[in-house]
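2 protein chains.
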Amino acid sequence: MSFQVTYRKKVEYINQGLSILLEQRPCYPTLLNAIKYSIQAGGKRLRPVLFLSAFELASQVCSQRAPMPGELDQVRPMACAIEMIHTYSLIHDDLPAMDDDDYRRGKPTNHKVFGEATAILAGDGLLNLAYEVMLENLPAVVEKLPDYLRAMSVIAGAAGISGMISGQCADMEIQSNNSCEDRLTYIHAHKTEALITSALKAGVMLRGGSMDMLNAVSGYGKALGLAFQITDDILDLTGDLAQLGKDPGSDKKMGKLTYPAKYGLSESKRMAQRYIEQAIHFLKPFGRNAEFLVSLANSILDRNQ
Amino acid sequence: MSFQVTYRKKVEYINQGLSILLEQRPCYPTLLNAIKYSIQAGGKRLRPVLFLSAFELASQVCSQRAPMPGELDQVRPMACAIEMIHTYSLIHDDLPAMDDDDYRRGKPTNHKVFGEATAILAGDGLLNLAYEVMLENLPAVVEKLPDYLRAMSVIAGAAGISGMISGQCADMEIQSNNSCEDRLTYIHAHKTEALITSALKAGVMLRGGSMDMLNAVSGYGKALGLAFQITDDILDLTGDLAQLGKDPGSDKKMGKLTYPAKYGLSESKRMAQRYIEQAIHFLKPFGRNAEFLVSLANSILDRNQ
């Protein structure tokens with residue numbers, strides 16, 4: 048199967064999981080509509096795909112076989128929880144008090160459709176739901192609990208004030224300041240890399256992967272996250288609304304510190320290329336078992352959304 | 048020891064726990080300041096006090112003794128997590144897009160001091176931190192995990208879109224509408240009762256309390272929550288800023304549906320009295336072991352903040 052087909056199948060599997068998790072959940076109707084609006088707006092599902100792929104890699108390496116469908120179904124709620132955390136962060140980042148964006152994933156942003164109050168609550172709801180979903184889907188076997196809870200902790204740490212939320216707070220405080228390389232690194236390490244890396248680590252942890260494997264996927268995740276962020280900055284400069292699904296040029300409008308602003312467009316592209324090579328290098332020990340994650344890294348350079 | 052002294056000691060114990068949990072946590076400085084500002088602004092700490100008291104009640108009933116200090120220290124982080132969830136909800140409820148309040152706990156609201164973006168992130172951070180803290184303080188003994196995780200689930204459910212967040216969403220949509228008794232019940236059941244009841248249930252669960260005891264504290268919590276909400280509505284009408292620590296009259300300003308608006312002041316007071324009697328009735332089976340929770344219920348009628 049080609050990389051694109053495999054990727055699309057994983058996305059479909061995650062979308063199906065998200066629908067199941069939102070079904071028959073008692074919730075005030077307006078709030079549920081706002082949550083479904085953003086969670087079902089599409090999106091690349093990069094983080095849950097990375098989580099599932101890391102779980103598959105660990106299965107191949109630890110027991111020389113792909114996971115059974117039943118095993119995947121057991122870990123899918125955690126993949127969906129990661130996407131809920133990501134989506135909540137997008138809803139809140141788009142708010143007028145933050146980046147004040149009008150479009151996201153090709154549709155008007157949550158607050159544009161439902162108003163600010165409901166958008167704030169929809170974000171809160173998705174963040175909390177991520178934990179509800181993980182707690183509702185604990186492994187039935189008590190011996191599996193410690194690995195599962197370690198994975199949950201890693202995700203919670205990345206999503207929190209020592210991770211993503213501090214990244215967004217730093218990002219909000221920044222005005223264009225070319226000398227602030229440390230700041231740029233801080234923001235991306237917290238805002239983007241943290242959740243990406245935690246998704247990969249959690250996937251490996253659920254399958255009892257070794258410390259070496261955890262270090263390898265962390266290295267891969269960090270480099271991939273950086274390349275992803277650089278291409279994001281480039282697309283904000285060169286993309287259009289139809290392709291991107293969100294307003295281009297908003298970084299510049301907000302006076303944000305970006306890679307192209309600091310290094311220029313060509314050098315930024317070279318940097319992204321180098322980070323992708325670095326990411327792939329971390330997967331060397333796993334040979335063909337890491338084929339999908341290697342292709343995924345390469346695809347980052349070709350992204351147009 | 049008098050009720051007031053015991054209550055103050057519990058509050059002190061919780062405040063100390065909150066300080067410990069925020070110490071040495073890597074966080075972007077502005078964000079940490081905003082979080083500390085709201086979490087250390089005082090407050091009644093009603094929910095964590097209820098949690099600890101339910102844990103103590105269950106200890107007395109199940110093993111005929113008060114919990115050891117070490118046992119209390121083990122469950123304190125969950126008490127603090129409940130207060131973090133409550134505080135995050137206050138920060139978000141006070142935002143300009145929601146109730147647009149200027150004062151809370153006698154101080155300017157979070158967004159008045161730190162700006163809207165940081166206030167939203169401080170709320171997000173506290174909600175996420177509640178789960179981090181609970182995951183960081185799992186019981187060391189694997190056999191105790193299932194009870195602990197059930198307690199976490201009960202709290203998560205109450206905090207989420209089937210609980211508190213739907214209550215706030217319904218509250219935001221309401222304009223003054225005296226015929227909407229169901230709406231008023233829905234809002235209070237979700238916005239106030241849910242977290243109060245979950246705190247009591249979680250305390251009992253951690254000590255392996257029986258289903259009968261869970262039902263009793265749930266009944267107590269529901270009636271207490273209603274009485275608490277009615278006195279809150281009354282105070283909003285009759286209190287002043289110095290006493291309340293928040294703007295009085297904001298319900299009326301927002302056109303909110305309240306008990307005094309619907310039933311008049313005297314009947315609302317009688318209703319609060321009846322709910323307190325109901326709450327106390329649920330504790331009958333526990334005799335003197337429930338003394339503190341009985342006094343706490345009675346104190347709700349005398350509250351002035």
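Residue numbers (my numbering), protein chains in the order written: chain A, 48 to 352; chain B, 48 to 352. Glycine residues also receive a C-beta, built at the ideal position from the N, C-alpha and C atoms.
Alpha carbon of residue i to alpha carbon of residue j, nearest angstrom
{"i": "Leu-104 of chain A", "j": "Gly-255 of chain A", "result": "11 angstroms"}
{"i": "Glu-163 of chain A", "j": "Leu-68 of chain A", "result": "25 angstroms"}
{"i": "Asp-146 of chain B", "j": "Glu-190 of chain B", "result": "44 angstroms"}
{"i": "Leu-273 of chain B", "j": "Pro-307 of chain A", "result": "56 angstroms"}
{"i": "Gly-172 of chain B", "j": "Gln-325 of chain A", "result": "32 angstroms"}
{"i": "His-158 of chain A", "j": "Asp-294 of chain A", "result": "15 angstroms"}
{"i": "Leu-142 of chain B", "j": "Ala-166 of chain B", "result": "8 angstroms"}
{"i": "Met-46 of chain A", "j": "Ala-246 of chain B", "result": "As shown, chain A starts at 48 and ends at 352. That puts residue 46 of chain A outside it, with no answer to give."}
{"i": "Arg-123 of chain A", "j": "Ile-61 of chain A", "result": "7 angstroms"}
{"i": "Lys-309 of chain A", "j": "Gly-90 of chain B", "result": "46 angstroms"}
{"i": "Arg-321 of chain A", "j": "Ile-212 of chain B", "result": "44 angstroms"}
{"i": "Val-96 of chain A", "j": "Met-258 of chain A", "result": "21 angstroms"}
{"i": "Leu-192 of chain A", "j": "Leu-176 of chain B", "result": "21 angstroms"}
{"i": "Ala-81 of chain A", "j": "Arg-72 of chain A", "result": "14 angstroms"}
{"i": "Leu-340 of chain A", "j": "Asp-349 of chain A", "result": "15 angstroms"}
{"i": "Tyr-84 of chain A", "j": "Leu-261 of chain B", "result": "37 angstroms"}
{"i": "Ile-129 of chain B", "j": "Gly-250 of chain B", "result": "11 angstroms"}
{"i": "Gly-334 of chain B", "j": "Ile-327 of chain B", "result": "11 angstroms"}
{"i": "Gly-268 of chain A", "j": "Ala-241 of chain B", "result": "39 angstroms"}
{"i": "Ile-277 of chain A", "j": "Arg-317 of chain A", "result": "10 angstroms"}
Chain B contact for residue i (CB, 9 angstroms cutoff)
{"i": "Ile-67 of chain A", "result": "no"}
{"i": "Leu-304 of chain A", "result": "no"}
{"i": "Ser-85 of chain A", "result": "no"}
{"i": "Met-199 of chain A", "result": "yes"}
{"i": "Met-219 of chain A", "result": "yes"}
{"i": "Asn-175 of chain A", "result": "yes"}
{"i": "Gly-204 of chain A", "result": "yes"}
{"i": "Ser-209 of chain A", "result": "yes"}
{"i": "Val-341 of chain A", "result": "no"}
{"i": "Gly-162 of chain A", "result": "yes"}
{"i": "Val-122 of chain A", "result": "no"}
{"i": "Glu-190 of chain A", "result": "yes"}
Cutoff 9 angstroms: residue i Cβ touching any chain A Cβ
{"i": "Gln-35 of chain B", "result": "No information on residue 35 of chain B is available, as it lies outside the stretch 48 to 352 that chain B covers here."}
{"i": "Asp-73 of chain B", "result": "Reading the sequence as shown, one finds Pro at residue 73 of chain B and not Asp. Interface residue, yes."}
{"i": "Glu-240 of chain B", "result": "no"}
{"i": "Ala-77 of chain B", "result": "Before going on, a small fix: residue 77 of chain B reads as Thr here, not Ala. Answer yes: the Cβ-Cβ gap between Thr-77 of chain B and chain A drops below 9 angstroms somewhere."}
{"i": "Ala-246 of chain B", "result": "no"}
{"i": "Leu-271 of chain B", "result": "no"}
{"i": "Ser-297 of chain B", "result": "no"}
{"i": "Met-252 of chain B", "result": "no"}
{"i": "His-133 of chain B", "result": "no"}
{"i": "Ala-144 of chain B", "result": "yes"}
{"i": "Tyr-178 of chain B", "result": "yes"}
{"i": "Asp-171 of chain B", "result": "yes"}
{"i": "Ile-167 of chain B", "result": "yes"}
{"i": "Glu-183 of chain B", "result": "yes"}
Cβ-Cβ separation, residue j to residue i (assumed contact under 8 angstroms), whole Å
{"i": "Leu-93 of chain B", "j": "Ala-126 of chain B", "result": "Going by Cβ atoms, the distance from Leu-93 of chain B to Ala-126 of chain B rounds to 11 angstroms, so no, they are not a contact pair."}
{"i": "Phe-161 of chain A", "j": "Ala-263 of chain A", "result": "Not really, about 42 angstroms apart at Cβ, beyond 8 angstroms."}
{"i": "Leu-174 of chain B", "j": "Leu-174 of chain A", "result": "6 angstroms"}
{"i": "Ser-209 of chain A", "j": "Cys-109 of chain B", "result": "With a Cβ gap of about 37 angstroms, Ser-209 of chain A and Cys-109 of chain B do not count as contacting."}
{"i": "Ala-344 of chain A", "j": "Leu-271 of chain A", "result": "6 angstroms"}
{"i": "Phe-275 of chain B", "j": "Thr-305 of chain B", "result": "Not confirmed; about 13 angstroms, so no contact."}
{"i": "Ile-234 of chain B", "j": "Gly-214 of chain B", "result": "5 angstroms"}
{"i": "Ala-203 of chain A", "j": "Glu-179 of chain B", "result": "5 angstroms"}
{"i": "Glu-183 of chain B", "j": "Ser-200 of chain A", "result": "7 angstroms"}
{"i": "Ala-198 of chain A", "j": "Met-131 of chain A", "result": "Actually they do not touch by this definition, with Cβ atoms about 15 angstroms apart."}
Enclosing alpha helix (DSSP H) for residue i [first to last residue]
{"i": "Leu-192 of chain A", "result": "192-206"}
{"i": "Gln-320 of chain A", "result": "312-328"}
{"i": "Leu-267 of chain A", "result": "According to the sequence displayed, residue 267 of chain A carries Tyr and not Leu. Looking at the DSSP string, the run of the alpha helix (DSSP H) that includes Tyr-267 of chain A is 258-285."}
{"i": "Leu-99 of chain A", "result": "93-110"}
{"i": "Lys-56 of chain A", "result": "50-69"}
{"i": "Gln-87 of chain B", "result": "Per DSSP, Gln-87 of chain B belongs to no alpha helix (DSSP H) and is neither H nor E."}
{"i": "Ile-129 of chain B", "result": "116-140"}
{"i": "Ile-243 of chain A", "result": "241-253"}
{"i": "Val-180 of chain B", "result": "163-183"}
{"i": "Asp-218 of chain A", "result": "211-220"}
{"i": "Ala-144 of chain B", "result": "Segment: none, Ala-144 of chain B is in no alpha helix (DSSP H) and carries neither H nor E."}
{"i": "Val-341 of chain A", "result": "338-348"}
In DSSP terms, what residue i is bridged to
{"i": "Pro-155 of chain A", "result": "A:Tyr-150"}
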